[in-house]
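Residue numbers (numbering that gives the first Met the number 0), protein chains in the order written: chain A, 0 to 525; chain B, 0 to 120. Notes for the one structure printed next.
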Amino acid sequence: MSPVLALVPLAEESVPAETFQLPQIDYAALAPMLILFGVACVGILVEAAFRRFPRARIQLPLALLGALAALVVVIMTAGKRTITAGGAITIDGPALFLQGSILVLGIVALLLIGERTLERGGAFVAQAAVTANTEADRSQAATSEGASEVFPLSMFALGGMMLFSTANDLLTMFVALEVFSLPLYLLCALARRRRLLSQEAALKYFLLGSFASAFFLFGVAMIYGFAGRVDFSGIDQAVVGSAASPLLLYIGLALLVIGLLFKAAAVPFHVWTPDVYQGAPTPITALMAACTKVAAFGGLLRVLYVAFGRSQWDFQPVIGTVAVLTMIVGAVLAVTQTDIKRLLAYSSIANAGYLLIGVVALNKEGLSSSLFYLVAYGFTVLAAFGVVTLVRDADGEATHLSRWAGLGRRSPLLAGVFTFILLAFAGIPLTSGFTAKFGVFAAGVEGGQTWLVIAGVVSSAILAFPYLRVVVLMWLSEPSESTPAVSIPGALTSAALMIGTVATLVLGVVPTVLLPIATRAAEFIR
Amino acid sequence: MSLSAYIPIVGLLALGAAFALFSVSIAPIVGPRRYNRAKLDAYECGIEPSPQPVGGGRFPVKFYLTAMLFIVFDIEIIFLYPWAVSFNKLALFGFVEMVLFIATVFVAYAYVWRRGGLDWD
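Below is the structure:
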């Protein structure tokens, strides 16, 4: 050992071991997440213990039961307000609301994931490592039973999302970010058909997601440099009273928000979205569009409202600009799309913009209307991707828009459902799209962000065009040779479609079934 | 806190870098050059690297699984060691949490093992 090193003084305050205290852990508050992670572990043991055939039959009921049990616990703990697990987890109104939304939307997505009647062996590939477009790959696409690992992976992802929206410090948040991202990267690569597209989607998502995680982590380091703490109430105090240079705060907040906006698919961090949404298996796209959006915005809301709410003059214009860009770019690029999954991806980007209005409003209405929007949009987008899984031919899903021409003549019921969903996306009254948009726009005006609301209305008008184009295509075009026959949905897809469509209608006609809950929940604790 | 406490470390860093640069650059100038096979062998530890596969630079994916498992258990040790040191203070709580932690790691291990991930061929 070099003598030079010995000159460096030891750490001045080394905590004596006797003062160590065990953290208080409120297991009832953590139970929903523990249930999901436990069920995911059991799912992996099922994978290890059983042969291929019974596995898929066990996994779906297991996952659904686990998610239902977690949902029951969330509902039972409604009204609880506590910070637990050594200050790592907050259970408050928004946390429970977001957890409940993630679970309900996740259950519907699990129904889509578990559908096996549309295609022999389900929507997932058996062995993702087989080289694409080889003889082995073609034969496994035709005959093999799909990988049943998708269920434990989805459960891990859902558990991570729940942790993400309840985290009370930035490090827990980062761990949760990774916990829900890594399974999603894998799930994107598991499409049964169009293997190369699916692998490309997974690789793009993984690489760009890793960059976003790195940005997030750098942001955490900067914030720690500024505040000396990573928990939200500590950062909140430091924002008001710290003598440290605010430069660290600005850099840290910017990097942190980039990481969060990436997951929320806001412009200019959206470029992965169309490729990933298109390449991923459609049930997984539905899971990402509904649940990941809830988690990402849940995290964004908590960080901006709880930790940085008092430096709002610093970030409001920036996030506002991002919101305008997101709405306009998403809407304009949606117009030019020729693939239904890419169109829905750009629509999801534009919807992230509308949600950002609620975030930027930074008032109670902003919070409650964002919560409502997340649930309303989640149901609608699940139903939309549910319809996409049904329009298919011998080569799998027919996602090119030209193939959808005249669909209304061939199968009026399905085309009717999809028309209703598109009208909901366009924000026509009597659909949840209208009530949700109205809520965030009203909150935006209340919060003094009228310019955002103007941009929102303009982009809604632009965005109505691609939706109506699809409606016209389905109903007013003659069916061509290449218009595929629509598959008869199995019980699971039917149930998912039914839940999504009915929720879209109910939340549009009688929004009071959910609005009071969202309003009551809309209060963060520090 | 004053930054002057770190000056010795910077000094050591500069000294080390200078020594390394000096040694590497002086050796070819003053050293004798006599061929000996042993000089090209792996030094002190490590095995002879296996020949590269035909087509260049690609490894079987099996190595990746072994490496991943190694990292998983390596990280497990990182957590086990401080727990063992303060076992008395953490008491039953620490024991239960650690059993749960080890169990989750072994879930992954059981999966890899049963699904044939450890069979080399």
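Virtual Cβ for every residue (Gly too), placed ideally from N, Cα, C. Model, not experiment: these values are computed from the prediction.
Closer than 8 Å to chain E by CB, residue i
i: A:Ala47; result: Here the protein chains are A and B, and chain E is not one of them.
Residue i classed as buried or exposed, judged by whether at least 16 other C-beta atoms fall within 10 angstroms
i: A:Pro53; result: exposed
i: A:Asn132; result: exposed
i: B:Pro59; result: exposed
i: A:Arg301; result: buried
i: A:His269; result: buried
i: B:Asn87; result: exposed
i: B:Asp73; result: exposed
i: A:Glu134; result: exposed
Residues near residue i by beta carbon distance below 7 Å, same chain, minus five either side
i: A:Ala360; result: Ala442, Gly443, Glu445, Gly446, Gln448
i: A:Ala333; result: Leu342, Tyr345, Ser346, Ala349, Leu462, Pro465
i: A:Ser410; result: Val485
i: A:Ala108; result: Pro282, Ala285, Leu286, Ala289, Cys290, Leu381
i: A:Leu9; result: Unreliable placement is indicated for A:Leu9, whose pLDDT of 44 sits below 50; the coordinate value is still reported in the next sentence. Nothing listed; no residue qualifies.
Where residue i falls: helix, strand or coil (DSSP)
i: A:Gly395; result: strand
i: A:Phe123; result: strand
i: A:Val485; result: strand
i: A:Ile461; result: helix
i: A:Ile524; result: coil
i: A:Asp91; result: coil
i: A:Val509; result: coil
i: A:Ile82; result: strand
i: A:Val174; result: helix
i: A:Ala39; result: helix
i: B:Val60; result: coil
i: A:Pro8; result: Caution applies to A:Pro8, whose pLDDT of 43 falls short of 50 and renders its modelled position unreliable; the value that the coordinates give is listed next. Coil.
i: A:Asp338; result: strand
i: A:Ala188; result: coil
i: A:Val266; result: coil
i: A:Asp313; result: helix
i: A:Asp136; result: helix
i: A:Ala27; result: helix
i: B:Ala41; result: coil
6 Å Cβ shell around residue i - same chain, five flanking residues per side excluded
i: A:Gly208; result: Ser180
i: A:Ala351; result: Ala263, Ala264, Ala265, Thr325
i: A:Leu102; result: Ala66, Ala69, Leu70
i: A:Val178; result: Gly159
i: A:Ser527; result: There is no way to answer for residue 527 of chain A, as the model of chain A reaches only from 0 to 525.
i: B:Tyr42; result: none
i: A:Phe378; result: Gly499, Ala502, Thr503
i: A:Phe205; result: Tyr184
i: A:Ile43; result: Pro151
For residue i, the nearest candidate out of the options (CA to CA)
i: A:Phe523; options: A:Arg56, A:Cys40, A:Leu97; result: A:Leu97
i: A:Thr83; options: A:Leu117, A:Ala141, A:Asn132, A:Thr165; result: A:Thr165
i: A:Ala146; options: A:Val124, A:Arg137, A:Ala140; result: A:Val124
i: A:Val380; options: A:Ser367, A:Ser431, A:Lys363, A:Ala330; result: A:Ser431
i: A:Phe155; options: A:Val41, A:Gly489, A:Glu118; result: A:Val41
i: B:Leu68; options: B:Val111, B:Pro81, B:Phe18; result: B:Val111
i: A:Val72; options: A:Ile90, A:Gly85, A:Ile283, A:Gly86; result: A:Ile90
i: A:Val471; options: A:Leu400, A:Lys340, A:Glu199, A:Leu206; result: A:Leu400
i: A:Arg309; options: A:Gly92, A:Leu252, A:Leu259; result: A:Leu252
i: A:Leu110; options: A:Ile420, A:Gly395, A:Ala382, A:Arg468; result: A:Ala382
i: A:Ala521; options: A:Val358, A:Pro316, A:Val387; result: A:Val358
i: A:Ser481; options: A:Leu254, A:Gly319, A:Arg391; result: A:Arg391
i: A:Trp271; options: A:Phe440, A:Val512, A:Ser197, A:Ala517; result: A:Ser197
i: A:Lys363; options: A:Ile327, A:Ala322, A:Val328, A:Tyr304; result: A:Tyr304
Residues near residue i by beta carbon distance below 8 Å, same chain, minus five either side
i: A:Ala415; result: It should be pointed out that residue 415 of chain A corresponds to Gly in this sequence rather than to Ala. Excluding sequence neighbours, A:Gly415 sits near Gly407.
i: A:Leu4; result: Model confidence at A:Leu4 stands at a pLDDT of 39, short of 50, so the residue's coordinates are unreliable; what they give is reported in the following sentence. Taken in chain order, the list of residues that qualify is empty.
i: B:Phe100; result: Glu75, Phe78
i: A:Val249; result: According to the sequence as given, residue 249 of chain A is Tyr; it is not Val. Hits under 8 Å: Asp313.
i: A:Tyr26; result: Leu33
i: A:Phe173; result: Ser212, Phe215, Leu216, Val219
i: A:Ser476; result: Ala404, Gly405
i: A:Asp338; result: Gln277, Thr398, His399, Leu400
Distance cut-off 7 Å: residue i Cβ against heavy atoms of the ligand HEM
i: A:Leu186; result: Inclusion of the ligand HEM in the displayed structure is not the case, the ligand content being empty and no account of it being possible.
Open item on the list: Counting only Cβ-Cβ distances shorter than 9 Å, please list the residues of the region 73-95 of chain B near chain A, keeping chain order.
Closed with: Within the region 73-95 of chain B, the residues whose Cβ lies closer than 9 Å to some Cβ of chain A are Ser85, Lys88, Leu89, Ala90, Phe92, Gly93, listed in chain order.
Task: Proximal residues, the region 110-129 of chain A versus chain B, C-beta separation under 9 Å - done: Result list: Ala128.
Task: Near-chain A residues of the region 25-36 of chain B - C-beta to any C-beta below 7 Å - done: For the region 25-36 of chain B, no residue has a beta-carbon sitting nearer than 7 Å to a beta-carbon of chain A.
- [ ] Output, in sequence order along the chain, the residues in the region 170-195 of chain A whose CB is closer than 7 Å to any CB in chain B.
- [x] none
- [ ] Give, in chain order, every residue of the region 355-382 of chain A whose Cβ lies closer than 8 Å to some Cβ of chain B.
- [x] none
Task: Contact list for the region 108-119 of chain B against chain A, Cβ threshold 8 Å - done: Ala109, Tyr110, Trp112, Arg113, Arg114
Task: Near-chain A residues of the region 96-107 of chain B - C-beta to any C-beta below 9 Å - done: Ala102, Thr103, Val106, Ala107
TODO: Taking a Cβ distance cut-off of 9 Å, strictly less, list which residues of the region 75-108 of chain A are near chain B, in chain order.
DONE: Taking 9 Å as the Cβ-Cβ cut-off against chain B, none of the residues of the region 75-108 of chain A qualify.
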